[in-house]
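Novice: Just so we're aligned, residue 1 is where the sequence shown starts under full-length UniProt numbering, counting upward by one.
For reference, the structure I am asking about is given below.
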Amino acid sequence: MDLVIVESPAKAKTINKYLGSNFKVLASYGHVRDLPAKDGSVLPDEDFAMSWEVGKPSQKRLSEIADAAKQADTIVLATDPDREGEAISWHVLEVLRQKRALGKKPVRRVVFNAITKSAVLEAMAKPREIDEPLVDAYLARRALDYLVGFTLSPVLWRKLPGARSAGRVQSVALRLICDRESEIERFKPQEYWSIAARLATPRGDEFTARLSEYDGRKLNRLSIANGDDAQSIRAMLDGARYGVASVEAKPTRRNPGPPFTTSSLQQAASAKLGFSASRTMQVAQKLYEGLDIGGETVGLITYMRTDGVQMAPEAIADARKAIGGTFGERYLPEKPRHYSTKAKNAQEAHEAIRPTSFTRHPKDVERFLDRDQARLYDLVWKRAIASQMAAAEIERTVAEIEATAGAKRAMLRATGQVVRFDGFLGAYVDHRDDSAPKDGGAADDEDDDARLPRIEARETLDKRAVEAGQHFTEPPPRYSEASLIKKLEELGIGRPSTYAATLQTLQDREYIVNDKRKLLPEAKGRLVTAFLTNFFERYVEYDFTADLEGKLDRISAGELSWKDVLREFWREFSSHVESTKELRVTNVLDALNDDLSPLLFPAKEDGTDPRLCPRCNSGQLSLKLGKFGAFVGCSNYPECNYTRQLGTSFAADAAEGTGGDEPRELGTDPDTSEAVTLRSGRFGPYVQRGEGKEAKRSSLPKGWLAAEIDLEKALRLLSLPREVGLHPETGKPILAGLGRYGPFLQHDGAYANLETVEDVLTIGLNRAVTVIAEKKEKGARGRSTPAALATLGEHPELGGPITVRDGRFGPYVNVGKVNATLPKGKDPASVTLEEAIALLTERAAKTGAGGKTKTTARATSRAKPKAKAEGEAPKKKAAPKRRTAAKSEAAE
1 MDLVIVESPA KAKTINKYLG SNFKVLASYG HVRDLPAKDG SVLPDEDFAM SWEVGKPSQK
61 RLSEIADAAK QADTIVLATD PDREGEAISW HVLEVLRQKR ALGKKPVRRV VFNAITKSAV
121 LEAMAKPREI DEPLVDAYLA RRALDYLVGF TLSPVLWRKL PGARSAGRVQ SVALRLICDR
181 ESEIERFKPQ EYWSIAARLA TPRGDEFTAR LSEYDGRKLN RLSIANGDDA QSIRAMLDGA
241 RYGVASVEAK PTRRNPGPPF TTSSLQQAAS AKLGFSASRT MQVAQKLYEG LDIGGETVGL
301 ITYMRTDGVQ MAPEAIADAR KAIGGTFGER YLPEKPRHYS TKAKNAQEAH EAIRPTSFTR
361 HPKDVERFLD RDQARLYDLV WKRAIASQMA AAEIERTVAE IEATAGAKRA MLRATGQVVR
421 FDGFLGAYVD HRDDSAPKDG GAADDEDDDA RLPRIEARET LDKRAVEAGQ HFTEPPPRYS
481 EASLIKKLEE LGIGRPSTYA ATLQTLQDRE YIVNDKRKLL PEAKGRLVTA FLTNFFERYV
541 EYDFTADLEG KLDRISAGEL SWKDVLREFW REFSSHVEST KELRVTNVLD ALNDDLSPLL
601 FPAKEDGTDP RLCPRCNSGQ LSLKLGKFGA FVGCSNYPEC NYTRQLGTSF AADAAEGTGG
661 DEPRELGTDP DTSEAVTLRS GRFGPYVQRG EGKEAKRSSL PKGWLAAEID LEKALRLLSL
721 PREVGLHPET GKPILAGLGR YGPFLQHDGA YANLETVEDV LTIGLNRAVT VIAEKKEKGA
781 RGRSTPAALA TLGEHPELGG PITVRDGRFG PYVNVGKVNA TLPKGKDPAS VTLEEAIALL
841 TERAAKTGAG GKTKTTARAT SRAKPKAKAE GEAPKKKAAP KRRTAAKSEA AE
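See below:
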């Protein structure tokens, strides 16, 4: 018997069916060892010796693998075909050696890019040794992330209280988000005007032409800067005669893009499906590992962590055959298409993401998949097959129109295009990039996709209307997850497998917030970035980080020694950290006051000193650090106790004056004649009616932004709890309000949850009575179990399906009667099967589930005291836990 070791149980189950009874396939459940989250796990003074720790859930699995290895004839390491997969194989092998489970048995490493029977059997026939340079690159990356996290984070804690950890790639990604926010804040809108004429051909067909030249001067988008000029030109065009100077039709060809890489899949899934990066990878993982398709378990897509853009020759042949059969021979180009990546530091050792078989049309497999799986598979299939299809043939027409009024002359241009042959567009249309500012920062791009009527040169046109429109340039858009990933890839920062984890970590640390799919920096994130750019600028420079990524890639290619790279980095980095020991907190605050001045001390309309304390009129405002984070305070403290908190939206606090002592007045309550204000307190923004201790207050519900609060919304919040009406059976009032656990209805001492804040504000009596009745009925049957948000797979030890649910106290995973709460800040949509199994196994061990029931266990403990193990020493009182840095970003 041969023992085959893979990462996941789903992958093990699929592969076991392909290999048969002479093989035993076991899963490691991802990484089996990691660096302990404490000082001393990497020792630079001992030539970067690394201490590895086997996680609790992994101990039992490694014992099972070791036992199986002792009985096996051959050990086959079949983990994923990337740097991370190579590292897992190396870890498993090291542990087996320590357990003396190998003896002289042969150990082979195999990789397959797709989990299909042919791919697996072909890989098994071509074993190799573990790729040592790939492992070295993993070790270097892991050591770098650890050294940066555990060296820089304590500096942050000492010099910037309230800050959390700093990571090597995370800090650079955070800087991108903060720099973009600074661009937006510094942006000054510029006025400009556009002028367009609605014209008609002699045949009565109307079209629109835009002004391109006036009085011999060519115009760009910003040339007409004010309304006076615009109205003057409009008046001339109103009285002008129009004729067609020329018409030119230019045929063009548009070629398809390559199949998906990890980052381009995340970008497209975000734009087209609304998926987060972590959700995209979670769904893609299931499509890769294998699903039951009509009685056959098979992987539907190739490995989804890759930056390669090529497809295997057999896959190209399969795609070309499918194109001819599905779309027709005209859609098939004469020769196969070949692609090369433009991304920095890309490694094209692996294929692009593609279907394992193009004969599995999305419509044919849709019934076997859940909605998200079907949508993502459809995206992958269409993009991959489009990459081998014929070019689209497009005719672009440009009509130049002359307008004359006496001695005045102007030129207008009408553009349009017609798709003569859709080609690859018949399968896939690219999403629009949302990361780049529009030309001139404007929002009204010309519509080149419009179709023009037949226009003949030298014919006269009728004027129907002339319109002048005022516009203002717009700032660059905030990053979305997709556009940030694209930017990181362009800069050569990070690897495809790290992006989703990096973004999630930034949100978990409350450095950024994802609001309506846009990434905004939190106050903590702005402060950390300002600190690092002032005192550790080299280590958050884009070029420096990209250069380090390049060295890691050269290690994986066997061109550099991983310890030489670490020595070079550590020599400079440790010296720089040492030099900050003399740095005082006052030095830090002075630097941040200067760096963040426009945010902390916005200019006043009257032109007076923005840092002058508004309460005592003598002290200077400055950033201060307290137990609950940063705030602005007066230098005359304690004589003057003026403070202003920094809320979630750092820019909004400064611009809107939502600080605790600088309320923004929204208006007057018509019923009480009291002022209604928007403020920011210790627990975030809130609205208040009146002044003093008796003032009515209400916090903004989750999802409500301070920038969007007006008087109407504030009054609706302040009216809560509101009386919906009297219950028709009891005659007692039904109240709707917001509580600790969200929106609710209250009646006769009982509560029922509502789904949204809008329900609280709008629910009527009939619906409220129904909700209360449904709640009462559920209570009679016992507490209902929340519906499953997702099903991840089977638990190998406890048995039964693992589901993700959202309960009263937050999201959790469940199998049978075992529930395990997700870590704080963990997105339920990003939970992997391996993470869920680890959480549930640990929970089951604590509660006794899966073995004795809790009741039996408690009864046993009461009946008989726990016996002390032979030779067991008396337990010592646990030492206080030492604060350690949070784990740095997941290595690739």
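Don't be surprised by glycine CBs; every beta carbon is placed ideally from N, CA and C.
This one's a predicted model, so the numbers in the text were calculated from it and none came from an experiment.
Which residues in the same chain have their Cβ closer than 7 angstroms to the Cβ of Asn766, if we skip the five residues on either side of it in sequence?
Specialist: Cβ neighbours of Asn766 beyond the five flanking positions: none.
Novice: Do you know whose CA, among Ser579, Lys551, Phe421 and Ile184, lies nearest Phe569's CA?
Specialist: The candidate whose alpha carbon is nearest that of Phe569 is Lys551.
Novice: Between the region 530-550 and the region 608-623, can you find at least three pairs of beta-carbon atoms closer than 8 angstroms?
Specialist: Judged by Cβ distances under 8 angstroms, the region 608-623 makes no contact with the region 530-550, as fewer than three pairs qualify.
Novice: The beta strand (DSSP E) with Asp2 in it runs from where to where?
Specialist: Counting along the chain, the beta strand (DSSP E) containing Asp2 begins and ends at Asp2 to Val6.
Novice: Return the CA-CA distance between Lys438 and Ile455, expressed in angstroms with no decimal places.
Specialist: Low confidence applies here, because Lys438 scores a pLDDT of 47, under 50, leaving its location unreliable; read the following figure in that light. Going from the Cα of Lys438 to the Cα of Ile455 covers about 30 angstroms.
Novice: Just the C-alpha distance for Ile5 and Pro796, rounded to the nearest angstrom, thanks.
Specialist: Computed Cα separation, rounded: 15 angstroms.
Novice: So, with DSSP's three-state summary, where would you put Ala68?
Specialist: Ala68: helix per DSSP, three-state reduction.
Novice: From the DSSP output, in three-state form, read off Leu596 for me.
Specialist: Three-state result, Leu596: coil.
Novice: Could you tell me how far apart the beta carbons of Ala197 and Leu237 are, in whole angstroms, since I believe they sit closer than 8 angstroms?
Specialist: With 8 angstroms as the limit, Ala197 and Leu237 qualify as a contact, their Cβ atoms being about 6 angstroms apart.
Novice: In the DSSP assignment, find the unbroken alpha helix (DSSP H) run with Gln267 in it and report its ends.
Specialist: Its alpha helix (DSSP H) spans residues Thr262 to Ala268.
Novice: Taking the beta carbon of Gly85 as the centre, do at least 16 other beta carbons fall within 10 Å, making it buried, or is it exposed?
Specialist: The residue is buried, with at least 16 neighbouring Cβ atoms inside 10 Å.
Novice: May I ask which residues mark the beginning and end of the alpha helix (DSSP H) holding Val757?
Specialist: That run of the alpha helix (DSSP H) goes Val757 to Thr762.
Novice: Report all residues from its chain with a CB closer than 6 angstroms to the CB of Asp669; omit the five preceding and five following residues, and keep chain order.
Specialist: Once the five neighbours on either side are set aside, the close Cβ partners of Asp669 are Val676 and Arg689.
Novice: Only counting the same chain, and skipping five residues up and downstream in sequence, which positions put a Cβ closer than 8 angstroms to that of Leu735?
Specialist: Taken in chain order, the residues that qualify are Pro721, Arg722, Glu723, Val724, Leu745, Gln746 and His747.
Novice: Cutting at 8 angstroms between CB atoms, please list the residues of its own chain near Met304, excluding the five before and the five after it.
Specialist: Taken in chain order, the residues that qualify are Thr262, Leu265, Met281, Ala284, Gln285, Leu287, Tyr288 and Ile353.
Novice: Express the C-alpha separation of Lys13 and Glu578 in angstroms, rounding to a whole number.
Specialist: Their backbone Cα atoms lie some 52 angstroms apart in a straight line.
Novice: Can you grab the Cα-Cα spacing for the pair Leu452 / Ala200, in whole Å?
Specialist: Spanning the two alpha carbons is a distance of roughly 11 angstroms.
Novice: Please look up how many angstroms separate the CB atoms of His31 and Lys272, rounded, as I've assumed it's under 8 angstroms.
Specialist: No, His31 and Lys272 are not in contact; Cβ-Cβ is about 32 angstroms, not under 8 angstroms.
Novice: Using 8 angstroms as the cut-off, can you tell me whether the region 47-60 makes contact with the region 116-132, which would need three or more C-beta pairs spanning the two stretches below that distance?
Specialist: Output reads no: the region 116-132 does not touch the region 47-60.
Novice: Are Leu506 and Gln170 close, meaning C-beta to C-beta below 7 angstroms?
Specialist: For Leu506 and Gln170, yes; Cβs fall inside 7 angstroms.
Novice: Cutting at 7 angstroms between CB atoms, please list the residues of its own chain near Ser480, excluding the five before and the five after it.
Specialist: Result list for Ser480: Ser270, Asp434, Arg517, Lys518 and Leu519, in chain order.
Novice: Can you check the region 307-356 for any alpha helix (DSSP H) of at least 4 residues that lies completely inside it and give the ranges in chain order?
Specialist: Listed in chain order, they are 313-326.
Novice: Go ahead and label Leu770 buried or exposed: buried means 16 or more other beta carbons lie within 10 angstroms of its beta carbon, across all protein chains shown.
Specialist: Looking at the sequence itself, residue 770 is Thr, so the reference to Leu does not match. By the 10 Å Cβ count, Thr770 comes out exposed.
Novice: Below 8 angstroms CB to CB, which residues in the same chain sit around Thr74 once its five sequence neighbours on both sides are set aside?
Specialist: So the qualifying residues of the chain are Asp2, Leu3, Lys105, Pro106, Val107 and Arg108.
Novice: Which residues bound the alpha helix (DSSP H) around His576?
Specialist: Taken as a continuous stretch (DSSP letters only), the alpha helix (DSSP H) holding His576 covers Trp562 to Ser579.
Novice: Please report the residue range of the beta strand (DSSP E) in which Val818 lies.
Specialist: Run containing Val818: Val818 to Thr821, per the beta strand (DSSP E) assignment.
Novice: Compute the minimum distance between the beta carbon of Glu794 and the heavy atoms of the ligand COA, and state whether it is under 6 angstroms.
Specialist: Because no ligand of any kind appears in the structure shown, any question about the ligand COA cannot be addressed here.
Novice: For my contact list, residue 897 and Val818 are in at a C-beta cut-off of 8 angstroms; report their separation, rounded to the angstrom.
Specialist: With the chain covering only 1 through 892, there is no way to say anything about residue 897.
Novice: Could you compute how far the alpha carbon of Val148 sits from the alpha carbon of Ala37?
Specialist: For Val148 and Ala37, the distance between alpha carbons rounds to 13 angstroms.
Novice: If the criterion is Cβ atoms closer than 7 angstroms, does the pair Arg175 and Val528 meet it?
Specialist: In this structure, Val528 does not lie closer than 7 angstroms to Arg175 by Cβ.
Novice: Would DSSP call Trp381 helix, strand or coil?
Specialist: It is helical.
Novice: Could you tell me the alpha carbon to alpha carbon distance between Arg383 and Leu621, rounded to whole angstroms?
Specialist: When rounded, the distance between both Cα atoms is 56 angstroms.
Novice: For Arg217 versus Thr404, is the C-beta spacing smaller than 7 angstroms?
Specialist: No, the Cβ-Cβ distance between Arg217 and Thr404 is not below 7 angstroms.
Novice: Secondary structure at Phe358, three-state DSSP: helix, strand or coil?
Specialist: Three-state DSSP puts Phe358 in coil, outside helix and strand.
Novice: Should Thr473 be labelled buried (16 or more other beta-carbon atoms within 10 Å of its own) or exposed?
Specialist: That one is buried.
Novice: Could you tell me if His338 is buried or exposed, where buried requires 16 or more neighbouring beta carbons within 10 angstroms of its beta carbon?
Specialist: Burial call: exposed.
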